Every structure is written in structure tokens, then in C-alpha cells.
Amino acid sequence: MDTIIKTENLGKKYKEKYALQGANLEIEKGEIFGIVGPNGAGKSTLLKLLSGITLPSEGRIELFGSDNLEKERKRMSSIVENPTLFKDMSAKDNLEYFRIQRGITDKSKIDDLLNVVGLGDVGRKPVKKFSVGMKQRLAIALSLLSNPEILILDEPTSGIDPKGIVEIRKLLQRINKEREVTILISSHILSEVENLANKIAIIAEGKIKEVISIEELNEDTGEYLIIKTSDNKKAAVVLEGALGIKKYEAKEKGQLFIYERADEVEAIVKALVDAGLGIREVTKKHQKLEEFYIETVERKGA
25 MDTIIKTENL GKKYKEKYAL QGANLEIEKG EIFGIVGPNG AGKSTLLKLL SGITLPSEGR
85 IELFGSDNLE KERKRMSSIV ENPTLFKDMS AKDNLEYFRI QRGITDKSKI DDLLNVVGLG
145 DVGRKPVKKF SVGMKQRLAI ALSLLSNPEI LILDEPTSGI DPKGIVEIRK LLQRINKERE
205 VTILISSHIL SEVENLANKI AIIAEGKIKE VISIEELNED TGEYLIIKTS DNKKAAVVLE
265 GALGIKKYEA KEKGQLFIYE RADEVEAIVK ALVDAGLGIR EVTKKHQKLE EFYIETVERK
325 GA
């Protein structure tokens, strides 16, 4: 696949503090790529840099294999800050206004886009009577006026009720599949990103901690073991030396969390017992995305 967004050591500093530092990303054509992290983690800063809303302090950006960003950004649309919507005007008139402003001659786009985003029946309704979810869908319609190849969205489901979130998710999936638009989306709703994205980046304190595909994530967020022994320091030596297990960590209450080979409980327990360790607890659990996120941020030293 073609890499259409690439960053190298991308950073943004405000005064002496980094909002984003050392960001390296490669996003492939056709992906829905999710950026997840807590508030203030650097998600919006990254999207503003890619959209050209703010300039980087360091590093570089390539779009479609080119560093001519002014030219290549014409091939993308973004909703990173609150979109401009004229609330006293109808959805259709909003689209018509921006169609003319952007020099787009095809008038048939208006009704087409209203239908695409599920607002065809309320196109003449004033925007001020729209729900938050409907306004977001109208904003997405506005972003599609220029037939972008890349769509960048910052927290598109923020403030939207569960039904509206599902509608936005299905809409973005259709846009990605039917219009072949690569989508970059940020969110703090981890489960929503998991349901939507092909690949995610976890970001915290201005640094990208992990980039992983959903396929890999499903493997890594499978079963894991919680084992409590009489001597966890010695147990760690056994895990690494005798069993070759690297993905584990010591938690509070003397527990060891083991994130690989969870289906080999008997072999792991036997190796620990053979080393003279007493086993006080053995529990098998299924790791959720939220747990993987927390474990990744903490393990990576955020």
C-alpha cells in the first residue's frame, strides 16, 4: 500500500514546553487510523500540524510522498477546530454557501452529500434545530465538498449520544469504503476507535507510545495471566531465563501480569514450582483495550 501521510521526528513546542515531540507516523492509503490518548496528550496538536493550522517546531511532514504541503493539502479536508456553521441557515444553504465560496461548480453535490450523511430529509431545516450529532454530520458533508482523499477529524463523536455515535461510525465507514477516503481520527473513547479504525497510535504527554494494527491489538489484548508467588523477583528471573517470557510486569500486591503464552498455564506454573517458588495465586483474564492502553502508557514510562 502507498504511504500518504508520513511524519519524521515531528514536534511542536510552545515556549519551552513540548506539546508534541518526536512523532513518527506512516499512514497508508485506505486506512482508518485512530489517535487515542487523554486530554492534553498531543492529539489535537498532531492533527493541527498535519492540517497546516499550526507550524511544526521541528521534524518534517510528507503528504502523498511530497513535502510540497501547500499543494498536497488541497487533496485533504479536516475538522480539527469547531466547524463554521450558520445556525439560522438550513443545512442545504450552508452547503450551497461553502460550495460557492470554494469555487465548486457542481451543484448536484449538495443533495448528494446531504443524502450521504443522512440529512436528505432535513436539508431545509435550520441548523440551530439540529442535534450535536446532526451538526457533526453536516460538518462532515462540508468537508466532502472538495472530494478529499484524506479526511482528518478531531474527536468527531464528542458530546454525541450513543445513537449518534453509531451513526457517525457507520457514516465514516461508508465514506472510507465507498469514496475511498483515508481517515485520520482522534478520540479518547477507546472502544469507539477499536470499532472503527484499522490501526491506532497511543499518545500521551506529547509522545507516541505505540502504533499497532487492530489485528495485532486483538492478539495482544487476548488472555493474560495474573500470578502471585512467594518471591516475584526470583519469579521474574524464571520467566525470562527459563521460559523466555519478556512481556510481563510486576504490579501492586505482589502480582505478576504475564501478557504472553497465557495458554501455557501448566508449563509456567511448573517452571516456577521447579525453581522452588510457592504459588499463591493463578488467574487467567481477558485483556480489554482500555487495559492495554493503560498498560502501554505506564509500561512505556509516560
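Here the sequence shown is numbered in our numbering, starting from 25 and rising by one per residue.
Note that the Cβ used here is the ideal one computed from N, Cα and C, for glycine as well.
Since this is a predicted model, take the numbers as computed values, not measurements.
Among Arg-123, Pro-80, Ser-101 and Ser-170, the one whose alpha carbon lies nearest that of Glu-32 | Taking the sequence shown and counting its residues from 1, one reaches residue 32 at position 8. Taking only the C-alpha atoms, the option nearest Glu-32 is Pro-80.
Within this structure, are the beta carbons of Asp-178 and Ser-210 separated by less than 8 Å?
-> Residue numbering aside, residue 178 sits at position 154 when the sequence shown is read from its first letter. Residue numbering aside, residue 210 sits at position 186 when the sequence shown is read from its first letter. Yes. Within cutoff.
Report yes if the C-beta distance between Ile-176 and Val-235 is below 8 Å; otherwise report no.
-> For the purposes of this step, residue 176 is taken as residue 152 along the sequence shown, with counting starting at 1. For the purposes of this step, residue 235 is taken as residue 211 along the sequence shown, with counting starting at 1. Taking 8 Å as the Cβ cut-off, Ile-176 and Val-235 do not qualify as a contacting pair.
Cβ-Cβ separation, Ile-59 to Ala-225 (assumed contact under 8 Å), whole Å | Taking the sequence shown and counting its residues from 1, one reaches residue 225 at position 201. Taking the sequence shown and counting its residues from 1, one reaches residue 59 at position 35. About 5 Å; that satisfies the 8 Å criterion.
Just to confirm, are Thr-78 and Lys-36 a CB contact at a threshold of 8 Å?
-> Numbered from 1 along the sequence shown, position 54 holds the residue referred to as residue 78. Numbered from 1 along the sequence shown, position 12 holds the residue referred to as residue 36. Yes. Within cutoff.
Enumerated in chain order, which unbroken segments of the alpha helix (DSSP H) with a length of 4 residues or greater are wholly contained in the segment 248-302?
-> 256-265 and 289-298
With DSSP run on the structure shown, which of helix, strand or coil describes Leu-71?
-> As a position in the sequence shown, residue 71 is number 47, starting the count at 1. Leu-71: helix per DSSP, three-state reduction.
Buried or exposed by the 16-neighbour rule on C-beta atoms within 10 Å, applied to Ala-274 | Against the sequence shown, residue 274 aligns to sequence position 250. It is exposed - the Cβ of Ala-274 has fewer than 16 other Cβ atoms within 10 Å.
N- and C-terminal bounds of the alpha helix (DSSP H) containing Leu-138 = Residue 138 sits at position 114 when you count from the first residue of the sequence shown. Per DSSP, Leu-138 belongs to the alpha helix (DSSP H) from 133-140.
May I have the straight-line CA-CA distance separating Gln-279 from Pro-107, to the nearest angstrom?
-> For the purposes of this step, residue 279 is taken as residue 255 along the sequence shown, with counting starting at 1. For the purposes of this step, residue 107 is taken as residue 83 along the sequence shown, with counting starting at 1. Going from the Cα of Gln-279 to the Cα of Pro-107 covers about 48 Å.
Can you grab the Cα-Cα spacing for the pair Lys-16 / Lys-111, in whole Å?
-> Given that the chain is displayed from residue 25 to residue 326, the structure contains no residue 16 and the question cannot be resolved.
Thinking C-alpha only, which one of Ala-228, Ile-250, Ser-254 and Ala-221 is nearest Glu-240?
-> As a working mapping, residue 240 is identified with position 216 in the sequence shown. When only C-alpha atoms are compared, the closest one is Ala-221.
Start-to-end residues for the beta strand (DSSP E) that takes in Asp-185 | Position 161 of the sequence shown, counted from the first residue, corresponds to residue 185. Element bounds for Asp-185: n/a, residue is neither H nor E.
Mind the definition here: the segment 134-152 touches the segment 58-76 only if three or more C-beta pairs lie below 8 Å; say whether that holds.
-> no
How about Ile-232 and Glu-218: do their beta carbons lie closer than 8 Å?
-> Start at 1 with the first residue of the sequence shown, and residue 232 comes out as number 208. Start at 1 with the first residue of the sequence shown, and residue 218 comes out as number 194. Contact flag unset, no.
With a 10 Å radius around its C-beta and 16 neighbouring C-beta atoms as the bar for buried, classify Thr-206 as buried or exposed.
-> If you number the sequence shown from 1, residue 206 lands on position 182. Buried.
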